[in-house]
Amino acid sequence: CESDLELQPEDNRKTAENAFKDPDAYKQFLAKLYAGLAVSGQEGPAGNPDLEGLDEGFSQYIRLYFKMQELTTDEAVIGWDDGTIKDLHAQNWTAGNEFIRTMYSRIMYQIALTNEFIRQTSDEKLDSRGVDGELRGNIENFRAEARFLRALSYYHALDLFGNPPFVTDEDPIGAFLPEQIKRPALFDYIEGELLDIEDEIAAVGSNEYGRADQGAVWMLLSKLYLNAEVYTGTAHNAEVIEYTNKVINSGYQLADSYKKLFLADNNTNGAQNEIIFPITFNGKETQSYGGLTFIIHAAIGGDMKAADFGVSSGWAGLRTTSALVNKFQYQETEDEVIFEDNRGLFFTEGQSLEIDNISSFNDGYAVAKYRNVDVNGEPGSDETGEFVDTDFPMFRLADAYLMYAEAFVRGGGGSQANAVAYVNELRERAFGDSSENISAGELDLDFIINERARELYWEAHRRTDLIRFNRFSENGVWPWKGNVPQGTTTQEFRNLMPIPASDLGVNTNLTQNDGY
Amino acid sequence: GNVSESATGLPVPGANVIVKGTSNGTTTDFDGNYTIENVSEGDILVFSFLGFATREISYEQQSTIDVVLEEDQATLEEVVLIGYGATTEQDATGSVKKISAGEFNQGAVVSPEQLIAGKSAGVRITPGGGAPGEGSEIRIRGGSSLSANNSPLIVVDGVPLDQRGVQGVRNQLNSINPNEIEDFVVLKDAAATSIYGSRASNGVILITTKKGKKNSDLSLTYDLKASVGNIVDKVDVLSADQFRNLIEETPGTDASLLGDANTDWQDQIYQTSVGAIHNFTATQGFDNFYYRVNFNNTSQTGVVKTDTYERNALNLALNLDLLDNHLKLGLTSKGILDENRFADDGAIGAAIAFDPTQPVYEPDNNFGGYFEFKTSPRQEMVQATRNPLALLEQKNGRGLTRRNITNLNAEYKFHFLPELKFNMNAGFDYAENEGYNKRPRYSAANNQDIPFEEIYSGFNRNTLLDFYFNYKNEVEAIDTDVDLTAGHSYQEFYIENRRQQTISNEVSVFPTVIDRNALESYFARASFDIADKYLISASIRRDGSSRFGGDNKWSNFPSASVGWKVHNENFLRGSNVLSKLKLRAGYGVTGNQEIGSNYGYLGIYTPSIARASYQFGNQFYSTLRPEEFDENLKWEELQTYNAGIDFGFFNNRLSGNVDAYYRQTRDLLAEVPVPAGANLSDLLVTNVGETVSRGIEIGLSGVLAQSEDFNWDLNYNITFQDLEITRLSLGDNPNFFIPQGGISGGVGNNIQIWKEGYDPSTFFVFRQVYDNNGNPIEGAYVDVNGDNEITEADKQPYKKASPDYFMGLTNTMSYKNFDFSFTFRGSFGNYMYNNTQSSNGFVAAGTNTPQDYYANMNANVLETNFEKSQYFSDYYIQAADFVKLDNISIGYLIPGEKVDFRASLTATNVLTITDYEGLDPEISNGIDNNFYPRARTFVLGLNLKF
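So the sequence lines, in the order shown, correspond to chains A and B. Quick note on numbering: our numbering labels position 399 of the first sequence as 399, and the sequence is numbered without any gaps. Quick note on numbering: our numbering labels position 594 of the second sequence as 594, and the sequence is numbered without any gaps.
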């Protein structure tokens, strides 16, 4: 009977050996690497999750990344009572925070997935499986994209945690203890990887929608260089100019209206020409309780009509603080608040500007930026109004413009005229005409950090930006920062997230970030 | 004269009556009557019947001699099943407890494990809730694992059941009709269990069902138990007036959202449950063939409306003795049709939270006439609490399971060497199920434009083939009884299930899931009884499992034990006081392989199914995910040391035993955080950590009165136990912990932890600060780490859900034809997290709602006046010690000419003595949240025997 103990899966699960007998398996595995940013498991919207440590809907990559980058700043508060979620805005999180932990797990999971892909597509493996011809060529492209996605997640780890565990395709799968990498070394690794694949990955515009191309690599390099001083102590602003230039000159185009960037049809309404790297969502095919489904539902409450946003209900959680609202020009009349800057997509009816009680949805203006309706106001593909079609713009041209301008101001070279022109392009779109254009003299760092807030709020850049401008912790005050209504400064060590206590507990190679 | 039995007063048919020293004799007839002739004065009449103490009465010219036979404890308890064989109680060296039918709990018992709740030290049986046919959590010595299954291995008539249960039923043990159970044998320590090797760490329960008897007349029995039950208490929520006042007083609320009704939603969802259990039994025995056939119909409604359970079962036991009794064939077969209508349990929580100022019905609306919160006439508020009654009445959820458990046993005594026996079991347990859950399109709980429909089906197949040789002989040369056993077993489990469900207005067909695993085993045992004084026993099992790979596939599980029958020593032989004294000690290793997944050691790939695809271009690609794995996955290993004393005084009128144990689990299988980046998930089932458990178990039984008319037995047991995690991770950080115990209120909130040095059910909370009047101050907690902030770093391990000690007391009395019994159970040192209070006992729970409606609050809000949630306050960790009068029963027997008639009246869940404020202090995980209340039930029993 002893051979009866050698049992293998008999349903749709397969051993690696059997799975890769199917030539389609490689692209499906690649799709998983991308889907790792969009869904939370192998069943949409939930069921068979990737991560087990927290509720599945909560564990979705973009949902967590949004929380890390936005809830910790002046751009967002959340009213819910889930675990330690309120500690993010209060900036009193500890190494036990489950949202920080799950972000960390999600990032490291994504890295482990990409490592496995790279292992499974080594020349040796492909030779042994007799993979050649067109498929072999495609797989080479897939590998470059896998390395891009690995670099992207390592970039998130670099930015959030600084000194994460370091694993590559050279490591096995098991329960070993990965070594910790220091921030500057990780910077070098990510830079090296991106430079390595720069010419292997598909040229701008030549890849299928949703897949990364050279533009995405250049954007990531630009962001890496822009924050290099934070990561390594050495600025790399000239490289920011170099790589944003490559992006800007590759044929991307600003969408004709700001609003279109955040609609259900932002993959077809013209916004796709501005979006350099989207995380795609679809109400029927790519469902999860994270991503834009979370951002849209959670931002709806009070007097907001869910139907206006193409969904069936609001979850009444996310709002913003007066610190963001006051960066916009607006006029208050008796019964409405009018924003001259059309990027100020706030819902104010029944909402107070200031927040008395974070738990109450009516405290703080609501943000009506993302919607699950198309340019004609028609809702997305899921008739039940639960899951959305809106894609998340991870990188878009406007950000490249602003990075260029900032790098110029920071002395990275480039052209002042271009820098001003790029900023004014955004402002003309925002105000409908050139009346609010700035002059060269007005282009300074103060202006840029505020303009970045106006242009890019709720796009998961804010925390990184504030740290780069040294306004995140020991400088910079906004409502409820430090867990007091008027806000207070916190300690500098909060510029880095803690290594989660749970991983410190199991991996003795890790040292906690200072201050925690 | 007439011969009857003392315990029940029933006549004893077929008893032998013989004149001592002659062949002159007769047997009693069906009614226990006999006539014997040719008896001279001074002759001694011997009355005997199997299982009863033989009585001798001298003939003094009486015309009638009526005799009452006493059950012979010694013979009745003589044989005790152990794995792959049997021993006698006095020769057992392990910790073994046999519970026979006479000791079972009374009442309309549907789930067999409830027959023995409170009957044995070291065994804790916690009913899962009050749903009809609901199962229980069974823990022998508290369980030894963390993530792996902690339920004991259950062997029914020689067939080990799948520890994971079978699909579609509320309790897999319901397949065993309680009426048909002869006895339970609980194997507690490793000396007793390790013959079951890799599945024995959590103890073993052997269930033997009733068989026919040789040479017995046809006997027909009809037994009825009719029951009615009601909930004992309701959750204390605000009344409509209190609620209206509170909403009106709370700033920022809009009282116009309230209705003007006065609805007690809990009254709306609960009902009087009714049930009936019918048993028809026929038994008959001939010289070499005997049988027992039982048909059972059980039907019960729940105390929650729409909940029903029905069972139709046919039990068959056939025995055939061939070749001059050298070959014994036994067939037991249980066919069960198990039908459920499953209520929507969400109604229990909804009834607590639904606005009491709203009416139940709103005629002619779009939601089937039930009041619902809505944003427009057609659109319900998706986030709002749903009408509890609509949840129940609009859900049609039914499941049907057909199951057959059959075992064919053959025992052959070799003709040339009758001391050698060959025993073979071919067992088969097949359960197929099908069911559905439906809701109409217009139900507010269905957020789709089509009717909600989920359809599922599947089957579980468990096949067994085992055989062993047994050699039993007395070797006179060394004055030793030798008992040797060796055998082989193979068992395979195959599970398949299918499901389809409407999601987002479409029917989604899920891929068929197949899981197969197998176990192969070799086992042997040797037992020696030297001079009827010294016992030595050793066993070994070698198990192979398909769930592990490489060198870890096979493992050995040895045990050794000794016993000393002190009472057989010369210095005690004549004692009038001490009638039994035996010392036992044993050591053994057992395992646990119930880790959940079957291929945990093998890296496999899982395709995604619908709705988890990713868009490339205009196409959506399903994905392929590599699963986490641990190549080195292996058995969890439990080492047990056990020592015990069995004693009896005054001819065993007072007897008992004391067992003490120390257990250490190594290579604990736990789902723990894996070092980030090292594997393909955040948590991994792997061998990590250790637990240590200790306990003392005491059982006492006293025969307080023993006479022809009046008998009184009292049994008592108490268990002290302690379980502690001693190691939890691959690292050595003493502060490392893993959150456990999800609660209601806030997603991802956990109230318990696993941490080194603590019981696995330990709570993890903030220490509440109280004002001078003893009232909790909202949000004020002890700043444990002194950093002037209250963060989760200030949470402390505090109290635990498992008891420090628990006990059971059973009383049985009979006076003439009356009998009377009751069972008390108590549990001490256990705490409960009152999640019902913590999730609804603050103002914002009612007012800070995502849409325009309000929710009712737990009345506890009036005591705490909490505005916001304080989920992690130790205020909600409440002592849940209890004493329960589980059942009390009175019966009366009317012997008749042709028919014996017995009537009984039983009340169950009669009384609970506790300080705990929630509905029930007995909830297995220690988190009281939307608990399905247990009914207090009254049962009328009728038994007719023809």
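Just so it is clear, CB atoms sit at the ideal spot from N, CA and C, and this is done for glycine as well.
His236 of chain A carries a coil assignment under DSSP once its states are collapsed to helix, strand and coil.
Of the candidates B:Phe286, B:Asn470, B:Ser175 and B:Ala240, the residue whose Cα lies closest to the Cα of Asp338 of chain B is B:Ser175.
Around the beta-carbon of Gln358 of chain B, 16 or more other beta-carbon atoms lie within 10 Å, marking it buried. Taking 9 Å as the CB threshold, Glu70 of chain A stays off the interface with chain B. Near chain B, meaning a CB-to-CB distance below 7 Å, the residues of the segment 23-45 of chain A are Ala25, Lys27, Gln28, Phe29, Ala31, Lys32, Tyr34, Ala35, Ala38, Val39, Gly41, Gln42, Glu43, Gly44 and Pro45. Counted as a single uninterrupted DSSP element, the alpha helix (DSSP H) harbouring Gln266 of chain B occupies residues Trp265 to Ile269.
The DSSP-derived three-state label of Gly550 of chain B is helix. Measuring C-alpha to C-alpha distances from Ala228 of chain A to each of A:Gly162, A:Leu426, A:Met304 and A:Phe58 identifies A:Gly162 as the nearest. Counting along the chain, no alpha helix (DSSP H) covers Asn865 of chain B, and no H or E run does either. Rounded to whole angstroms, the gap between the alpha carbons of Asn817 of chain B and Pro11 of chain B is 12 Å. One alpha carbon belongs to Ser40 of chain B, the other to Ser4 of chain B, and they sit about 24 Å apart. From the listed residues B:Val861, B:Ile231, B:Lys225 and B:Trp265, the smallest Cα separation to Gly275 of chain B is found for B:Lys225. Membership of Thr114 of chain A in any beta strand (DSSP E) is not indicated; the residue belongs instead to the alpha helix (DSSP H) covering Glu98 to Gln120.
The beta carbon of Gln837 of chain B is closer than 7 Å to those of Asn858, Asn860 and Tyr876 in its chain, skipping five residues each way along the sequence. Across the structure, Gly96 of chain A and Glu756 of chain B are spaced so that their CA atoms are roughly 17 Å apart.
Scanning its chain for C-beta atoms nearer than 8 Å, with the 5 sequence neighbours on each side dropped, one finds around Lys421 of chain B the residues Glu411, Tyr412, Lys413, Phe414, Phe469, Asn470, Tyr471 and Lys472, in chain order. Taking a cut-off of 8 Å on C-beta distances, the segment 37-49 of chain A does not touch the segment 546-561 of chain B, as fewer than three cross pairs fall below it. Within the segment 106-177 of chain B, the runs of beta strand (DSSP E) that reach at least 3 residues and sit entirely inside it are, in chain order, 123-127, 136-140 and 153-156.
DSSP, read as helix, strand or coil, puts Ile181 of chain A in coil.
When C-alpha distances from Glu70 of chain A are compared across A:Thr384, A:Ala323 and A:Phe187, the shortest belongs to A:Ala323. In this structure, Gln91 of chain A places its C-beta atom within 9 Å of the C-beta atom of Lys481 of chain A. The three-state secondary structure of Thr333 of chain A, taken from DSSP, is coil. A residue is called buried once 16 or more other Cβ atoms fall within 10 Å of its Cβ, and Lys188 of chain B is buried on that count. Residue nearest to Tyr430 of chain B within the set B:Tyr494, B:Ala477 and B:Val482 is B:Tyr494 (criterion: CA-CA distance). One thing to note: Asp479 of chain B has its Cβ no nearer than 9 Å to the Cβ of Ile536 of chain B. Closest in alpha carbon position to Ser873 of chain B, among B:Gln394, B:Ser839 and B:Phe882, is B:Ser839. Under the three-state reduction of DSSP, Ile595 of chain B is assigned to coil, being neither helix nor strand.
Contact of Phe629 of chain B with chain A by beta-carbon distance below 8 Å involves Ile173. Val939 of chain B places its beta carbon less than 9 Å from that of Ala108 of chain B. Sequence-distant Cβ neighbours of Tyr798 of chain B in its own chain, meaning closer than 8 Å and more than five residues away, are Thr762, Phe763, Phe764, Val765, Arg767, Asp874 and Ile877. Each of B:Lys119, B:Leu728 and B:Glu492 was checked against the Cα of Thr463 of chain B, and the nearest Cα belongs to B:Glu492.
Short of 7 Å from the beta carbon of Asn230 of chain B, and not among the five residues preceding or following it, lie these beta carbons of its own chain, in chain order: Thr272, Val303, Ala935 and Arg936. By the criterion of at least three beta-carbon pairs nearer than 8 Å, the segment 668-676 of chain B is in contact with the segment 138-151 of chain B.
Across the structure, Thr54 of chain B and Ser707 of chain B are spaced so that their CA atoms are roughly 15 Å apart. Here DSSP, grouped into helix, strand and coil, assigns Glu778 of chain B to strand.
Counting only unbroken stretches of 4 or more residues, the alpha helix (DSSP H) elements lying wholly within the segment 293-376 of chain B are 346-353, in sequence order.
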